[in-house]
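These notes concern the structure reproduced below.
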Amino acid sequence: MTRSVWRAIAAVAAVATLGAVAAPASAQMSEIREKPRLYTYQSEWAIPRARWSDVAKDNAQSNQKILAPALARGTLVGYGDDENLVHTADGYTHDNWWQATSMAGLLSVLESFYKSGGTASAVLVSATKHADQVFVSRFYNWKPGSWKGAYGHASMYKLKPDAPDDAVETLSKAAFVPLLEKLLADGTIVEYEIDEEIVHTESPDLFWIYYLAPSAAGIDKVNAAIREAVHNDPLIGPALNSMVDWTPHRDFLSLANVTYK
441 MTRSVWRAIA AVAAVATLGA VAAPASAQMS EIREKPRLYT YQSEWAIPRA
491 RWSDVAKDNA QSNQKILAPA LARGTLVGYG DDENLVHTAD GYTHDNWWQA
541 TSMAGLLSVL ESFYKSGGTA SAVLVSATKH ADQVFVSRFY NWKPGSWKGA
591 YGHASMYKLK PDAPDDAVET LSKAAFVPLL EKLLADGTIV EYEIDEEIVH
641 TESPDLFWIY YLAPSAAGID KVNAAIREAV HNDPLIGPAL NSMVDWTPHR
691 DFLSLANVTY K
């Protein structure tokens, strides 16, 4: 998703924060509630190109032995794996993740990987770089089911030091969630979440917007929906620039295999 379209749609929320919107927009914000916290454990790997064909086999074994059973018994609500489609010189090539409604559930699955030896498979040992992140989301939704070869899109943003403490909440309620819910309802996307790190390995001012499209056409539809919302709303202005530092902004596009309960 391009920086400009998310910046524009989010500006509506920033203007709302300053009291420059009509009552209907404010009412919409009040109708959107935080959900119970959703936790995500994500492991990122830089796998040598010669081993890429082995990654799918390794993921299938992990799914069968650990992740699918954990989903079935209710420990997890979702899991998946991603293959990066836009590579950088020092970036990661693959990742694995799982989600739970508690840190206990999240870490019990991690413990299962360690006990089973799954963290020391030949493919993972071949990685030239590895990192883990733990996220929490208060705004998210999905459609139950499994998708193979879907497209995951993540955008990373950094708040300015003087941004209000509830900046992510305000932006989510006023701009991000209403649009993403519409796209979820019409099938353009099948999952979305707005994430912050709960174990801070990066700046505490970072947040991520993620969505999963079942086909590549969904990427175009999401961008078109954002452009339309921006075009039709007269409240777009420069207010977001007072909240977000655009310099570290990054986008990530991946081919994803995902299962949600």
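Reading the sequence shown from the start, the letters are residues 441 to 701 in the numbering used here.
Ideal placement from N, C-alpha and C gives every residue a C-beta, glycine not left out.
Keep in mind the model is a prediction, meaning the values are calculated, not measured.
If you follow the alpha helix (DSSP H) that residue i is part of, which residue opens it and which one closes it?
| i | result |
| --- | --- |
| S556 | M543 to S556 |
| K505 | Looking at the DSSP string, K505 is not in any alpha helix (DSSP H), and its letter there is neither H nor E. |
| D660 | A657 to N672 |
| K622 | V617 to A625 |
| A607 | A607 to L611 |
Please report how far the alpha carbon of residue i lies from the alpha carbon of residue j, in whole angstroms.
| i | j | result |
| --- | --- | --- |
| V565 | Y700 | 28 Å |
| A664 | R477 | 30 Å |
| A615 | S561 | 42 Å |
| G531 | H671 | 35 Å |
| P688 | K598 | 7 Å |
| D522 | L693 | 9 Å |
| G545 | E631 | 21 Å |
| P644 | P654 | 31 Å |
| D691 | A512 | 32 Å |
| V452 | G627 | Residue confidence is low: V452 scores 49 on pLDDT, short of 50, so the model does not pin down where it sits. Its coordinate-derived value is still stated next. Cα to Cα, V452 sits roughly 24 Å from G627. |
Taking only beta-carbon atoms, is residue i less than 8 Å away from chain B?
| i | result |
| --- | --- |
| N503 | Among the protein chains of the structure shown there is no chain B, as only one such chain exists. |
Here's the rule I'm using: 16 or more other beta-carbon atoms within 10 Å means buried, otherwise exposed. How should residue i be labelled?
| i | result |
| --- | --- |
| T528 | exposed |
| K475 | exposed |
| G658 | buried |
| L623 | buried |
| N524 | buried |
| N382 | Not covered by the structure: residue 382. The range shown for the chain is 441 to 701. |
| N499 | buried |
| W492 | exposed |
Quick check on this structure: which residue in the options has the alpha carbon closest to the alpha carbon of residue i?
| i | options | result |
| --- | --- | --- |
| K539 | Q573, F616 and G531 | Note that residue 539 is Gln in the sequence shown, not Lys. The shortest Cα separation from Q539 among Q573, F616 and G531 belongs to Q573. |
| E633 | V617, R491 and A696 | V617 |
| T559 | D535, V684, A544 and A510 | D535 |
| F647 | E523, A508, V549 and M683 | M683 |
| V576 | K613, N499, V662 and Y481 | Y481 |
| K600 | L695, W686, L507 and V662 | W686 |
| V625 | K598, P584 and H593 | Position check: residue 625 holds Ala in this sequence, whereas Val was assumed. When only C-alpha atoms are compared, the closest one is P584. |
On the DSSP bridge assignment, give the partners of residue i in chain order.
| i | result |
| --- | --- |
| Y479 | A540 and V576 |
| K569 | A486 |
Determine the extent of the beta strand (DSSP E) in which residue i is found, giving its start and end residues.
| i | result |
| --- | --- |
| T699 | V684 to Y700 |
| L646 | L646 to A653 |
| A590 | G585 to L599 |
| V702 | Only positions 441 to 701 of the chain appear in the structure, and residue 702 is not among them; the question remains open. |
| E523 | G518 to N524 |
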